[in-house]
Each structure stands twice: as structure tokens, then as C-alpha cells.
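Following: one structure in C-alpha cells, then a few remarks.
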Amino acid sequence: MFTKKKQALDFREIRRMLWRRRWLIVVPLIVTMAIATYQAMTMPATYASTASLGPETPISLPQRILEMGGGGGGGGGGGGSRGRRDDGSAAIRTHIMSSRFLESVSVQIGLHENAALVARAKQQAIDFPGHDVQDLVLRQCVARLRKMIRVSGGGTLNITAVSTSPRLAQTVAQTVTEQYLQSMKQRRRTSTEEAQSFSKQLAAEYEAKLEEKRGELNDYEQQVALKGLSSSPVSKANLTRVNAMVQTATADRDFQRERHEAVRQRIVDAGQEAYLGLGVITSTKLTALKETLYELERNLALSMVEQQEGAAATLSSAQSQIAVKSQQLLNELESLAETALPSLDPQSRQLLVDYEFTQVSMQAADVRRRQLAQFVDKYASDLRGLPAEQLKLERLTEEVRSAERLYQMWL
1 MFTKKKQALD
11 FREIRRMLWR
21 RRWLIVVPLI
31 VTMAIATYQA
41 MTMPATYAST
51 ASLGPETPIS
61 LPQRILEMGG
71 GGGGGGGGGG
81 SRGRRDDGSA
91 AIRTHIMSSR
101 FLESVSVQIG
111 LHENAALVAR
121 AKQQAIDFPG
131 HDVQDLVLRQ
141 CVARLRKMIR
151 VSGGGTLNIT
161 AVSTSPRLAQ
171 TVAQTVTEQY
181 LQSMKQRRRT
191 STEEAQSFSK
201 QLAAEYEAKL
211 EEKRGELNDY
221 EQQVALKGLS
231 SSPVSKANLT
241 RVNAMVQTAT
251 ADRDFQRERH
261 EAVRQRIVDA
271 GQEAYLGLGV
281 ITSTKLTALK
291 ETLYELERNL
301 ALSMVEQQEG
311 AAATLSSAQS
321 QIAVKSQQLL
331 NELESLAETA
341 LPSLDPQSRQ
351 LLVDYEFTQV
361 SMQAADVRRR
371 QLAQFVDKYA
381 SDLRGLPAEQ
391 LKLERLTEEV
401 RSAERLYQMW
411 L
């Protein structure tokens, strides 16, 4: 068998090849180094100034340890906390980068008086007639600030301003931070004033209702004291009637539960189920509205059981109050969702609002059902003959207690 002789690598041939192509290697290298040196010597220096914004709600040490270690159910809880912080950081970035916010910053630092920006805006006004020069100047300022400002970080946000002027970079970073803190204080102050005004208004309304119920109770107590007790209205017919009301309330609760589950399934199909457990759509005002709605449902149950003159008007008034309170609760949910989840698209945000609202509606229907079920138990135990005056007295007493709870809730 014949084998071919392997040829050894000749390094002298490689050296001769490189020498023949020396100009193809050396000339581009020299040109590149010359261009880089020229740019390094002529390019203006760039300065960066950074300001930090700490979290408004400090995280406790045990919670931070759980999130770092992932123990004690920290897998889901840590993810939820990170999700809430990410949503808050995204909201801050969106607020800082908004045109209105940056226009205010540019006016404070005097950027709208920059000669180059004014000249560019005037040229644009000539090229595109019909635009206001001042508006074009502010647009130029906003565009320049968006190029300068960088917002980074999670729990602690770092606001960095980059410019060729160190004084301008420091001024922009400091002004953006101060303007953001001032706007947050103003928003918080406005929200507090609105909540206080709303609470005072409702407290006055329910105080008047409380006095009205107390007057009815006092008048009836005096009336009962002047005459003997009559026969009892508790009968099998009334028991059957209230049982029918319980079944209707149960059907209403089941209907609200089906609506709630349907909305939840739509959220799951849309891939937004991670937002269901965040608990960011909440406030003191929302909690008070829920408790008020539940108390009004109890009053509605009392009005439905009562069979006397004027009961229809009382029932219609109770239903109207529930409708008004439900609309207020829905408006509050939409406002909270828009504030807490600004990064979500409107359709997904509305699904989360519908999920919370149907859950409250289901619980309100269950409150009415339980109140009616208590009447069924009471009627069943009092079929032997409880005086009618005693029943009405107990009902009026319960209405006074309910009105007191509503009034105390908004003090």
C-alpha cells in the first residue's frame, strides 16, 4: 500500500505572504487610529448627574428576607411584591416622561429660552405654517429632555441626566426629582381633600337618616305604650312569602357568581390572571363603599319583609340607594385601576374592574339572602303568636342600629 507524504507547514511562506500584503494591513490600521484619535480629541465631554427616589412604602425586614430566601410561601408572595414594585416603577417612568411633566421641567430650568431651540422652532413654523412657535419650542424642549433623561432601577429609582454641560445635567436631574415629589404631594393632598369632602357629605346624609329613624322609633314606642298589643302577623302565609324571597335572593347570588366566574375565565383566557392576586385595586374609600352597600342590602331585606302602607315607596327608595351606591363603587374601581395599573391596555383593565365589581355584587346579594334567612328562622320560631307591635318595634330598632352603623362608618 502506498501512502502520500504529508507536507510540513512552512512558516517562511506565511511570512512572505504577509510581507507582500503589508500595505493592505498597515494602511487601514493607521487610518482607523487617526480617526479615533481625532474624535477623542475633538468630541465634547459628556457629564451625567443622578438623583435617586426611594420607595414610598418601606418593606419590612422579615418580608425582605422571605423574598430573598424564597421561603414561607415567598415564591408567590415575592413575585406579587416584585410585580407591584414593577408596576409602580413603570407608572413613575410614564409620569416623568410625559409631555406635560417635561414641559413644566423645561420652563423651570429655562430651557424654553435656549437660542438654538427657539431658532429651530421658528424654522419649523416657517416650514409648516399654522403652528404656534411657543408650542413648537416646548416640543423641542420635551424631545431634548427625553434624550437626556434616563429612569432606571426597581424599588429605588435612579433619575440620570446626561449632557455636555455638567451644570445642565445636575439642574435637570435635581429639577425632575423635585418636580416629581411636588406633583406627588399635590396629588396626595388633592386625593385626601376629596376623600374628606366625600366622607363629610355622606356623614351628613346618614346623620339625617339616623335622626329620622330615631324619630320613627320614638313615635312608635309612644304609640304602643298608649294601646294594647294586637294579634301577631306571623303566619304560614308570611313564612311562605319570605321563603320565596330567600329563594329569589339565592338565585340572584348564583347569577352574580356565574357572572364573576365568566369574567374570571375571560381574564385567564387573556393571560392576565397574574393581576388577580396583586390587591392593588383597593382604598379606604372603596372599603367604606362596600360596607355601605352591604348595609343598604340589609335595609332592603327589612323593607321587603314589611307589609304595611308605604312599604312600596320604602322598597323603591332602598333599591334606588343601592343602585346609586353601586355606581359610585364602580366609578371608584375604575379610578383606582387606572391609577394602579396604567401600563395595562384599557380592555384588560376593564376586565379586572368587572372582576372586582361582580365579586362585590355577589357578596351583596349573599348579605341580603342571609338577612332574609334570619327572618325565616324567626318566623318559624314565632308562629305561635308574637305580637305585631313587638315585631315592628324590633324592626325599627334594627333600622336605627343600621343607620347608626352607616353614620359611624363615615365619621
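Be aware that the sequence shown starts at 1, since it is given in our numbering, and climbs by one per residue.
Note that the Cβ used here is the ideal one computed from N, Cα and C, for glycine as well.
By Cβ distance, which residues of its chain are closer than 7 Å to Ser104, with the 5 residues on each side in sequence left out?
-> Gln179
Hey, how far is the Cα of Gln328 from the Cα of Val142?
-> 37 Å
Apart from the five residues on each side of it in sequence, which residues of its chain come closer than 8 Å, Cβ to Cβ, to Arg146?
-> Met97, Leu102
Do you know how far the Cα of Val400 is from the Cα of Asn299?
-> 10 Å
The segment 259-266 touching the segment 321-336, judged by at least three CB pairs closer than 8 Å | no
Can you name, in chain order, every residue of its own chain whose Cβ lies under 6 Å from the Cβ of Ala403, other than the five neighbours on each side?
-> Lys209, Leu210, Lys213
Cβ-Cβ distance between Ala365 and Asp252 below 8 Å | yes
Evaluate Leu396 with the Cβ neighbour count: other Cβ atoms within 10 Å of its Cβ, from every protein chain shown; 16 or more gives buried, anything less gives exposed.
-> buried
List the DSSP bridge partners of Ile149.
-> Ala161
Between the CA atoms of Ala203 and Leu302 - distance to the nearest angstrom | 22 Å
Assuming Val246 contacts Val367 (C-beta within less than 8 Å), just tell me the rounded distance between them.
-> Val246 to Val367, Cβ: 13 Å. No contact.
Taking Cβ positions, are Ala116 and Val137 nearer each other than 8 Å?
-> no
Run through DSSP, which three-state label would Leu276 get?
-> coil
How would you label Ile65, buried or exposed, when you count the other beta carbons within 10 angstroms and need 16 or more for buried?
-> Any answer about Ile65 is weak, because its pLDDT of 40 lies below 50 and its placement is not dependable; what the coordinates show is given next. Ile65 comes out exposed.
Quick one, which of Arg369, Leu330, Ile126 has its alpha-carbon nearest Thr282's?
-> Leu330
For Ala173 and Leu406, the rounded distance between their alpha carbons | 48 Å
Whole-Å CB distance - Met362 paired with Arg257, under 8 Å assumed = 5 Å
Using the rule of at least 16 other Cβ atoms within 10 Å of the residue's Cβ for burial, across every protein chain shown, is Arg22 buried or exposed?
-> exposed
Sorted by chain position, which residues of the same chain lie with C-beta nearer than 7 Å to Ala249's C-beta, five sequence neighbours on each side aside?
-> Ala365, Arg368, Arg369, Leu372
Is Lys325 buried or exposed, if buried means 16 or more other CB atoms sit within 10 Å of its CB?
-> buried
Closest residue to Leu217 among Gln124, Leu18, Glu398 (Cα-Cα distance) | Glu398
Distance, Gln272 Cα to Met304 Cα = 40 Å
State the DSSP-derived secondary structure class of Ala48, mapped to helix, strand or coil.
-> strand
Using the C-alpha atoms, what's the distance from Leu53 back to Gln134?
-> 32 Å
Check each candidate in Tyr355, Lys392, Ser343 and name the one with the smallest Cα separation from Ala90.
-> Ser343
In three-state DSSP terms, what is Leu53?
-> strand
Identity of the residue in Ala34, Thr32, Ala274 nearest Leu341 by Cα | Ala274
With distances taken from CA atoms, which of Ala313, Tyr47, Thr192 is nearest Pro166?
-> Tyr47
How about Thr177 and Ile159: are their beta carbons less than 8 Å apart?
-> yes
Quick one: is Val31 buried, meaning 16 or more other Cβ sit within 10 Å of its Cβ, or exposed?
-> exposed
Just the Cα atoms here: how many angstroms apart are Arg139 and Leu168?
-> 18 Å
Of the choices Leu293, Lys285, Thr358, whose alpha-carbon is the least far from that of Glu194?
-> Lys285
Please classify Asn238: does DSSP put it in a helix, a strand, or coil?
-> helix
Measure the alpha-carbon distance for Ile59 versus Leu157 and round it to whole angstroms.
-> Residue confidence is low: Ile59 scores 44 on pLDDT, short of 50, so the model does not pin down where it sits. Its coordinate-derived value is still stated next. Roughly 15 Å separates the two Cα atoms.
Helix, strand or coil at Ile96 according to DSSP, with G and I counted as helix | helix
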